[in-house]
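**Student:** Chains A and B, in that order, are what the protein sequence lines are.
So the first sequence is numbered by this note's numbering: it starts at 1 and just counts up by one.
So the second sequence is numbered by this note's numbering: it starts at 1001 and just counts up by one.
Number of protein chains: 2
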Amino acid sequence: MTVHLIAGGAGFIGVNLAAALLDRGDEVLVLDDLSRGSIANMAALRGRNGFGFIEADCSDPDTLDVALGVNRFDQVWHMAANSDIPAGVADYRVDLRQTFMTTVALLDVMKRRGRTRIHFASSSAIYGDHGERLIHEDIGPLQPISNYGAMKLASEAQLRAAKEAWLEEVSVFRFPNVIGVPATHGVILDFIRKLVATPDRLDVLGNGTQQKAYLHVSDLVAGMLHIADRREPYAVYNIGPTDDGVTVRFIAETVRDQFRPAAAIQFGEGNRGWVGDVPKFAYSVERLLATGWQPRLGSREAVLKAVAEIIAQETR
Amino acid sequence: MTVHLIAGGAGFIGVNLAAALLDRGDEVLVLDDLSRGSIANMAALRGRNGFGFIEADCSDPDTLDVALGVNRFDQVWHMAANSDIPAGVADYRVDLRQTFMTTVALLDVMKRRGRTRIHFASSSAIYGDHGERLIHEDIGPLQPISNYGAMKLASEAQLRAAKEAWLEEVSVFRFPNVIGVPATHGVILDFIRKLVATPDRLDVLGNGTQQKAYLHVSDLVAGMLHIADRREPYAVYNIGPTDDGVTVRFIAETVRDQFRPAAAIQFGEGNRGWVGDVPKFAYSVERLLATGWQPRLGSREAVLKAVAEIIAQETR
């Protein structure tokens, strides 16, 4: 019986991954400090056969080692990170600890326990702004413009060096915005909450032309499992839809139409919402497509589905 | 009067940089924890007008802030790093603290004090093995194979994100092996010390065909100053000779010829000396040449000069 350790497993992506692994008949041990993840997120996992949870700070090797105790695990999924990019821009220590030191600490306990297989949730934020250039996995230079992206890149670098020395299998998943439930942050949730507060008006940061690719969490999890099952020694894959994304305007209008059809949308100026937020993004998933897999949903379908799911979550 | 803060300024490159800055009439404040740097290295700097030294651990923001006290500085040269790559491969904490956390801590004290100009000694180790491909600054993917290279890349990532948020001028120097005096480590010093121990025999790791580019420290310092003087907002430059390097065999023979002409050289097998050591390396300095500057010495001349200097140092 394979036991999967999921660091950050009480977060949005972690709980979806945990459910999929349990569906396969594997066992799952979630590690989470509950700073961003929550017990509530794990509601559908509690009581399932083969599911376990340990509350632990994953950013310190010794704390993590003690917290793991005698629990056995075979492979690690590293989903722990700061998910609030502006918070990480305001204070670099947030991403240093939550996004990078978690990688360091997980590698430390893996090495101590002789575990050599890790899957890492990296990010398209490692690339930075490449204008209209198509962003494939081997592009350079890498110029992350947020501390979040910087610490994801730092994590990849540490993994790569550990692969040279002692790790046997590493998967690195770089993905853009992922949407679905349980939603804890992101533009869709922001818009819905704004419309709860002021049902007749939706104020949007920027002029709405900012365009991004969106991946539904169900596709992300399926893609990660597909890549992990290939057992490549060092797999680096962009995971995303095959389209080039939808605009903030489309998302605002979708939320308005599904939730408060009479509300007026007010756009701001410029095409950036905040420091660290990259405008247009041409993201290549050719490497992934070449393996014979592709996401079921495009950006547009992912947004339509996630908006319905998050409205249901917020009005439950 | 410009005051230059040199972190790691008691190390090999730091003391050469400090001397050059004092030669220009600027002031220099060296920060060093003396773990790898030393008072002896600073012998030629002591007593010079405008030179100051503070012993401090540069890897912790609060320690660094207290140690700096009321000392004023205008710009920072970040030369602090673990210089023992195999030690960093054996224990990741060495490069985590000495190579990466020094960057974090320096940025922290700069931000607190409103200083926005930093020059960073990165490394060709961030690139990893690209086979026969020419390594220019924008190449991808970046796959460092040592913890040293990983933590230099992590540092670059952190600098890039800070540039987006608040830094005004960043220079990133990526250089290969740098040689000269005061020598504290490296292949030339190793060979000389082996010949001191066993004057009739020099055992070489690997078959001697491993080829690398070597830059003399005098050229490195001149190149860094040249780039810094251009005041680009975000300057990333390979600094190296225009040739593609010399072999370990050439270095061994040069040391033997200059130091113990009667000694027998014994080569090992394979073309790698240790984990994290990249074999052949085609390093592009086109971007640097395009600015109208080039090193005075090629790899061959740099080795000849450094061997003579290090023999003098070791037999003083």
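Virtual Cβ for every residue (Gly too), placed ideally from N, Cα, C.
Going by DSSP, name the residue or residues bridged to VAL303 (chain A).
**Tutor:** Its beta-bridge partners do not exist; DSSP assigns none.
**Student:** Taking 8 Å as the threshold (beta carbon to beta carbon), is ASN1082 (chain B) in contact with chain A?
**Tutor:** No, because no Cβ of chain A sits closer than 8 Å to the Cβ of ASN1082 (chain B).
**Student:** Answer with buried or exposed for ARG296 (chain A), where buried requires no fewer than 16 other C-beta atoms within 10 angstroms of its C-beta.
**Tutor:** exposed
**Student:** Just grab the DSSP bridge partners of PHE120 (chain A) for me.
**Tutor:** A:HIS78, A:VAL172
**Student:** Please list, in chain order, the chain A residues whose beta carbon lies closer than 9 Å to that of SER1146 (chain B).
**Tutor:** ALA161, GLU164, ALA165
**Student:** Closest Cβ-Cβ distance between LEU1139 (chain B) and chain A: below 8 Å?
**Tutor:** The question names Leu, yet the displayed sequence has Ile at residue 1139 (chain B). So, interface residue.
**Student:** Taking the alpha-carbon positions, what's the ARG46 (chain A) to GLN158 (chain A) distance?
**Tutor:** 33 Å
**Student:** Which two residues bound the contiguous beta strand (DSSP E) that contains ARG201 (chain A)?
**Tutor:** Per DSSP, the unbroken beta strand (DSSP E) holding ARG201 (chain A) starts and ends at 201-204.
**Student:** Which partner residues does LYS1212 (chain B) have in the DSSP bridge list?
**Tutor:** Beta-bridge pairing links LYS1212 (chain B) to B:VAL1246.
**Student:** By DSSP, does PHE53 (chain A) sit in helix, in strand, or in coil?
**Tutor:** strand
**Student:** Is the shortest distance between the beta-carbon of VAL66 (chain A) and the beta-carbons of chain B less than 8 Å?
**Tutor:** no
**Student:** Going by CA-CA distance only, name the one from B:ALA1213, B:MET1110, B:ASP1200 that's closest to VAL1187 (chain B).
**Tutor:** Closest option to VAL1187 (chain B), judged by alpha-carbon separation, among B:ALA1213, B:MET1110, B:ASP1200: B:ALA1213.
**Student:** Is there contact between the stretch 1065-1074 of chain B and the stretch 55-66 of chain A, where contact requires at least three CB pairs shorter than 8 Å?
**Tutor:** Touching, no.
**Student:** For GLY1008 (chain B) versus ALA1081 (chain B), is the C-beta spacing smaller than 8 Å?
**Tutor:** Their beta carbons are under 8 Å apart, which means GLY1008 (chain B) touches ALA1081 (chain B) by this criterion.
**Student:** What's the gap between the Cα of GLU309 (chain A) and the Cα of ARG256 (chain A)?
**Tutor:** 14 Å
**Student:** Give every residue of the same chain whose Cβ lies closer than 7 Å to the Cβ of SER1038 (chain B), excluding the five residues on either side of it in the sequence, and list them in chain order.
**Tutor:** ALA1010.
**Student:** Nearest to THR1242 (chain B) by CA position, among B:ASP1138, B:LEU1142, B:GLN1294, is which residue?
**Tutor:** B:GLN1294
**Student:** The alpha helix (DSSP H) spanning LEU954 (chain B) covers which residue range?
**Tutor:** Residue 954 (chain B) lies beyond the residue range present for chain B, which begins at 1001 and ends at 1316; the question has no answer from this structure.
**Student:** Can you check which of these residues, B:PHE1259, B:GLU1301, B:ASN1238, is closest to PRO1199 (chain B) by C-alpha distance?
**Tutor:** B:PHE1259
**Student:** For PHE12 (chain A), write down the residues that DSSP places opposite it in a beta bridge.
**Tutor:** Under the DSSP definition of a beta bridge, PHE12 (chain A) lacks any partner.
**Student:** Does chain A have any CB closer than 8 Å to the CB of GLN1158 (chain B)?
**Tutor:** yes
**Student:** Helix, strand or coil for PHE1100 (chain B) per DSSP?
**Tutor:** helix
**Student:** Below 8 Å, how does it come out for the stretch 1127-1137 of chain B and the stretch 1021-1032 of chain B: are there three or more Cβ pairs, yes or no?
**Tutor:** no
**Student:** Assess, as a yes-or-no matter, whether the stretch 1135-1149 of chain B is touched by the stretch 1104-1111 of chain B under the definition of 3 or more beta carbon pairs within less than 8 Å.
**Tutor:** Because the criterion of three Cβ pairs below 8 Å is not met, the stretch 1104-1111 of chain B and the stretch 1135-1149 of chain B do not touch.
**Student:** At least one CB of chain A closer than 8 Å to the CB of GLY1149 (chain B): is that the case?
**Tutor:** yes
**Student:** So that I know if they touch, is there some Cβ in chain A lying closer than 8 Å to that of ALA1007 (chain B)?
**Tutor:** no
**Student:** Since ILE251 (chain A) and VAL303 (chain A) should fall inside the 8 Å C-beta cutoff, what is the C-beta to C-beta distance between them, to a whole number of angstroms?
**Tutor:** So it is a contact: roughly 6 Å between Cβ atoms.
**Student:** At the 8 Å Cβ level, is ALA1213 (chain B) part of the contact set with chain A, yes or no?
**Tutor:** no
**Student:** With burial defined as no fewer than 16 other Cβ atoms inside 10 Å of the residue's Cβ, what is the status of ASN41 (chain A): buried or exposed?
**Tutor:** buried
**Student:** How many Å lie between ALA306 (chain A) and SER299 (chain A) at the Cα?
**Tutor:** ALA306 (chain A) and SER299 (chain A) have their C-alpha atoms roughly 10 Å apart.
**Student:** Give the range of the beta strand (DSSP E) segment to which ASN1207 (chain B) is assigned.
**Tutor:** Neither: ASN1207 (chain B) is in no beta strand (DSSP E) and is coded neither H nor E.
**Student:** For chain B, find out if any of its Cβ atoms is closer than 8 Å to the Cβ of GLN98 (chain A); answer yes or no.
**Tutor:** no
**Student:** Quick one: complete beta strand (DSSP E) runs, 3+ long, within the stretch 1174-1198 of chain B?
**Tutor:** 1177-1179
**Student:** Which chain A residues are close to VAL1104 (chain B), counting only those with a beta carbon under 9 Å from its beta carbon?
**Tutor:** TYR92, ARG93, LEU96
**Student:** By the criterion of Cβ-Cβ separation under 9 Å, what are the contact partners of GLN313 (chain A) in chain B?
**Tutor:** None at all; the shortest Cβ gap to chain B is about 32 Å.
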